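**Q** Handing you this structure, nothing more for now.
Numbering (my numbering), first residue to last: 364 to 543.
This is how it looks when you write it as structure tokens:
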């Protein structure tokens with residue numbers, strides 16, 4: 364390659380992109396099963412992967428929340444042999460790394476399998492750990508532009524909570540807790 368025969372059109376290399384369009388108009392560097400370091404059934408999980416993903420430019424990471432045995436929410440790939448990691452430690456790692464390499468917003472994609480008690484803990488952790496970075500109010504669609512919501516952490520959540528709050532995650536699945 365040479366200047367006369369570039370692999371990428373020179374106008375595409377201009378990094379002063381228009382960041383005043385709605386967020387939905389952009390491709391967002393995202394991660395699925397962010398916590399996994401390897402195979403999704405038998406691999407390992409790590410808090411460090413969240414740091415690495417954000418530092419590498421990822422702006423959307425996934426967190427699969429489950430009920431922990433000690434009433435502390437965990438992140439784990441459900442119904443597998445993958446070990447769990449602390450939800451609080453993951454949230455702290457995200458807060459530490461979210462804006463070190465980019466000031467563009469970070470989207471946390473929550474898949475929530477927790478009971479109401481542990482959901483409340485997650486909400487409190489988010490408020491305490493993210494503080495002013497947390498987007499905690501509705502915005503008009505014209506306000507959702509990367510250039511105007513810098514240094515903001517936004518959450519999207521899917522709840523997959525079973526109706527019976529007596530369920531919780533065990534080593535390789537879900538089990539019914541006997542409360543007698």
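Note that the Cβ used here is the ideal one computed from N, Cα and C, for glycine as well. Note that the coordinates shown come from a computational prediction; the quantities given were computed from them, not determined experimentally.
1) Quick one: Cα of residue 521 to Cα of residue 472, how far?
2) If the criterion is Cβ atoms closer than 9 Å, does the pair residue 410 and residue 452 meet it?
3) What separation, rounded to the nearest whole angstrom, lies between the Cα atoms of residue 538 and residue 485?
4) Cβ atoms of residue 440 and residue 389: under 9 Å apart, would you say?
5) With a floor of 3 residues, list each beta strand (DSSP E) that falls wholly inside the stretch 406–456, ordered by position along the chain.
6) Answer with buried or exposed for residue 422, where buried requires no fewer than 16 other C-beta atoms within 10 angstroms of its C-beta.
7) How would you call residue 420, buried or exposed, if buried means at least 16 neighbouring beta carbons within 10 angstroms?
8) Using CA atoms only, rank isn't needed, just tell me which of 368, 425, 405 is closest to residue 443.
9) Closest to residue 403 by CA distance: which of 445, 431, 414 is it?
10) Assign residue 519 to one of three DSSP states: helix, strand, or coil.
11) Taking the C-alpha atoms as reference points, what is the distance between residue 432 and residue 407?
12) Where do the N-terminal and C-terminal ends of the alpha helix (DSSP H) with residue 470 fall, by residue?
13) Identify whether residue 386 lies in helix, strand or coil by the three-state DSSP scheme.
14) Specify the secondary structure class of residue 460 as computed by DSSP and reduced to three states.
15) Pick out whichever of 511, 502, 500 has its Cα sitting closest to the Cα of residue 467.
16) From this set, 491, 490, 366, 513, which residue's C-alpha is nearest residue 464's C-alpha?
17) I need the straight-line Cα distance from residue 535 to residue 427, nearest angstrom please.
18) For residue 349, which three-state DSSP category applies?
**A** The answer reads as follows:
1) The count along the chain shown starts at 1 and reaches residue 521 at position 158. The count along the chain shown starts at 1 and reaches residue 472 at position 109. Going from the Cα of residue 521 to the Cα of residue 472 covers about 8 Å.
2) For the purposes of this step, residue 410 is taken as the residue at position 47 of the chain shown. For the purposes of this step, residue 452 is taken as the residue at position 89 of the chain shown. In contact: residue 410 and residue 452 (Cβ atoms closer than 9 Å).
3) Residue numbering aside, residue 538 sits at position 175 when the chain shown is read from its first letter. Residue numbering aside, residue 485 sits at position 122 when the chain shown is read from its first letter. With a pLDDT of 36 at residue 538, under the threshold of 50, the predicted position of this residue should be treated as unreliable, though the coordinate-derived value follows. Near 22 Å, if we compare the C-alpha coordinates of residue 485 and residue 538.
4) Within the chain shown, the letter at position 26 stands for residue 389. Within the chain shown, the letter at position 77 stands for residue 440. No. Outside cutoff.
5) 423–429
6) Residue numbering aside, residue 422 sits at position 59 when the chain shown is read from its first letter. Residue 422 should be labelled buried.
7) Counted from its first residue, the chain shown places residue 420 at position 57. So residue 420 counts as exposed.
8) As a working mapping, residue 443 is identified with position 80 in the chain shown. Taking only the C-alpha atoms, the option nearest residue 443 is 405.
9) Position 40 of the chain shown, counted from the first residue, corresponds to residue 403. Nearest of 445, 431, 414 to residue 403, Cα basis: 445.
10) Here residue 519 corresponds to residue number 156 of the chain shown, with the count starting at 1. If DSSP states are grouped into helix, strand and coil, residue 519 belongs with the strands.
11) To locate residue 432, count along the chain shown from 1; it is residue 69. To locate residue 407, count along the chain shown from 1; it is residue 44. The alpha-carbon atoms of residue 432 and residue 407 are separated by roughly 19 Å.
12) On the chain shown, residue 470 is found 107 positions in, with the first residue counted as 1. Note, residue 470: premise wrong, no alpha helix (DSSP H); beta strand (DSSP E) at 469–475.
13) Translated into positions along the chain shown, residue 386 becomes position 23. Looking at residue 386 - three-state DSSP - the assignment turns out to be helix.
14) For the purposes of this step, residue 460 is taken as residue 97 along the chain shown, with counting starting at 1. Correct three-state label for residue 460: helix.
15) Within the chain shown, numbered from 1, the residue matching residue 467 stands at position 104. That would be 511, whose Cα lies nearest to the Cα of residue 467.
16) Translated into the one-based positions of the chain shown, residue 464 becomes position 101. Nearest C-alpha to residue 464: 513.
17) The residue given as residue 535 occupies position 172 in the chain shown. The residue given as residue 427 occupies position 64 in the chain shown. Residue placement at residue 535 is poorly supported in this model, since its pLDDT is 31, which falls under 50; the coordinates still yield a value, given next. Cα-Cα distance, rounded: 15 Å.
18) Any question about residue 349 goes unanswered here, given that the chain covers just 364 to 543.
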